[in-house]
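Novice:
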Amino acid sequence: MVNKKRVGMMMAVTLLIGVLLFCSVFFLVRRANREITQRSFDELTTATRQIAKDFVDTANADQTILSAMAELIAGHDERDNDAVLRIMKSFSLSETFVSTVALLRPDGTLLLTDGGLYRIGGDEFVVFSKADAAVCEARMQAVSSALAAQDYSISYGIAAQRVSAGLGDLVREADENMLKDKRRYYAEHDRRRPR
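Following this note's numbering, the numbering of the sequence shown begins with 4 at its first residue and continues without gaps.
(1) In three-state terms, what does DSSP make of residue 44?
(2) Please report the straight-line C-alpha distance between residue 9 and residue 33, rounded to a whole angstrom.
(3) If you run the structure through DSSP and keep just helix, strand and coil, what is residue 131?
(4) Using the C-alpha atoms, what's the distance from residue 53 back to residue 133?
(5) Given a threshold of 16 other Cβ atoms within 10 Å of its Cβ, counted over all protein chains shown, does residue 159 qualify as buried or as exposed?
(6) What is the residue span of the alpha helix (DSSP H) that residue 147 lies within?
(7) Tell me, to the nearest whole angstrom, how far the beta carbon of residue 136 is from that of residue 157; I am working on the premise that it is less than 8 Å.
(8) Leaving aside the five residues before and after residue 140 along the sequence, list all residues of the same chain whose C-beta is less than 7 Å from its C-beta, in chain order.
(9) Hey, residue 174 and residue 146: beta-carbon distance below 8 Å or not?
In C-alpha cells:
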C-alpha cells in the first residue's frame, strides 16, 4: 500500500513536472516566434524602404542623364562632351537604368517635357529635334563618344522629316537605322561585355 502511494505520488509529481515543462517550452517557443516574426518584419520593412529609396535615387540619376543626353541631342542647351561626361561620372552606371526606371515610368511616356524625349519600349528612346540630319548625326556622335568614354555603347538611328513621311514612318525609319547600327556594332565587337 505504501508502495502504491509512493508510485502514485511519483506519477503525480512527474505529471506536474511534465505539465510545467510543457507550458514553459510552449510559452518560450511562442515568445521566440513572436520576437523572430517582429525582427523579420522590421528587417523586411527596412529593406523595403531601402529598395524604394534606391529606386527613387536611380530614377533621379537616370532622369538627369537622359535629360543631359536629350539636351545635347535636341540642341536645347549647347553642352559639350566634357559637361556630359561630368554629369555621367557623377552617377553610378553599373546598374541598368531600364530595370528601375521601367518600374516607375511606363513605355510611351514623355520623359523630358521640354526636350521631346520619349521612351518607346525597354531601353529605346525617341528624341524629336528641329535640327537637320547632319546636325543630329553630329550630336549623336558626341553622345556616343561621351558614353564610350564611360565604357558604354549605344546604337542610334536618325530619320529626317520629309513632306510625305508621317511621324510613325519617321520613328520606324529611325528604328530600322538604329538596328543597322546595332548589327554593325556587334559585327565589330563581342556581344558579351568583358568584366
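By construction, the Cβ of each residue, glycine as well, lies at the ideal position given by its N, Cα and C atoms.
Specialist: Checking against the coordinates, here is how it stands:
(1) Here the question's residue 44 lines up with position 41 in the sequence shown. For residue 44, the secondary structure class from DSSP, reduced to helix, strand or coil, is helix.
(2) The count along the sequence shown starts at 1 and reaches residue 9 at position 6. The count along the sequence shown starts at 1 and reaches residue 33 at position 30. Taking the Cα positions, residue 9 is about 35 Å away from residue 33.
(3) The residue given as residue 131 occupies position 128 in the sequence shown. Coil at residue 131, not helix or strand.
(4) As a working note, residue 133 is residue 130 in the sequence shown. As a working note, residue 53 is residue 50 in the sequence shown. Roughly 42 Å separates the two Cα atoms.
(5) In the sequence shown, the residue the question calls residue 159 occupies position 156. Buried: at least 16 other Cβ atoms inside 10 Å.
(6) Here the question's residue 147 lines up with position 144 in the sequence shown. Counting along the chain, the alpha helix (DSSP H) containing residue 147 begins and ends at 136 to 151.
(7) Numbered from 1 along the sequence shown, position 133 holds the residue referred to as residue 136. Numbered from 1 along the sequence shown, position 154 holds the residue referred to as residue 157. Not really, about 18 Å apart at Cβ, beyond 8 Å.
(8) On the sequence shown, residue 140 is found 137 positions in, with the first residue counted as 1. Contacts found: 161.
(9) In the sequence shown, residue 174 corresponds to position 171, counting from 1. In the sequence shown, residue 146 corresponds to position 143, counting from 1. The answer is no: Cβ separation not under 8 Å.
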